[in-house]
Structure formats: C-alpha cells, structure tokens
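Please read the structure below before turning to the comments.
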Amino acid sequence: MASIRLRIVTPEEMVYEGDADRIVVRTVQGEVCILPRHIDYLTAVGDGETRVVVNGKVLKAHCRGGMLHVAGGEVNLLTTQFEWKNA
1314 MASIRLRIVT PEEMVYEGDA DRIVVRTVQG EVCILPRHID YLTAVGDGET
1364 RVVVNGKVLK AHCRGGMLHV AGGEVNLLTT QFEWKNA
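According to my numbering, the sequence shown is numbered sequentially starting from 1314.
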C-alpha cells in the first residue's frame, strides 16, 4: 500500500513525522482527505477533528488554525494547536 510522508508541526514542537496512509483535516472550506499521489495543494486549516491513518490505525486529534501544504508527495500540516485525542 502506498503512503505519504507527513509532518505535523506546531510553534512548540514537531508533533508527528513519518509515513501515513491518509490524513483528513478540517479546512476553512470544509473537510479534505489527502491520499498518496495527491496533487499539490495549499489551504488554510480550520478548527476541528483531524484523522491520521497509519498502518490502518486511525489516530484522532483536535487541530486549530494554520496551513496544510501538499507538494512533491509530502504533506506538511503547520498548525497553531494540535492535540491527540487517543494518545
């Protein structure tokens, strides 16, 4: 199964860096799902639940504000606040 390289960064720390099956993020325009081989994409992040799927396991978090950037097969979620729900 294909995966994407994902980095989740807040002003305080690198929250996550590794491979993921997909990531679902609430943007200011609604929810978006990023899958492997996604086109280059840039959007503002809203306030809501984020789901990161790693090896079939769904990790949930609350994410607020920032930017989601997809380029060259890599995803960068630069967010103001990110808190894992099931950690």
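Every residue gets a Cβ at the ideal spot worked out from N, C-alpha and C, and that includes glycine.
Treat the numbers as computed from the prediction; the structure is a model and nothing was measured.
Burial state of I1336 is buried, judged by a 10 Å Cβ sphere holding 16 or more other Cβ atoms. Counting along the chain, the unbroken beta strand (DSSP E) around N1389 starts and ends at 1387–1397. The beta carbon of V1367 sits closer than 8 Å to the beta carbons of G1331, D1332, A1333, D1334 from its chain, once the five residues preceding and following it are set aside; these are given in chain order. In terms of CA proximity to G1385, L1348 leads the group T1393, T1323, M1327, L1348. Beyond the five residues adjoining it in sequence on each side, L1391 comes within less than 6 Å, by CB distance, of V1322, G1379, M1380 in the same chain, given in chain order.
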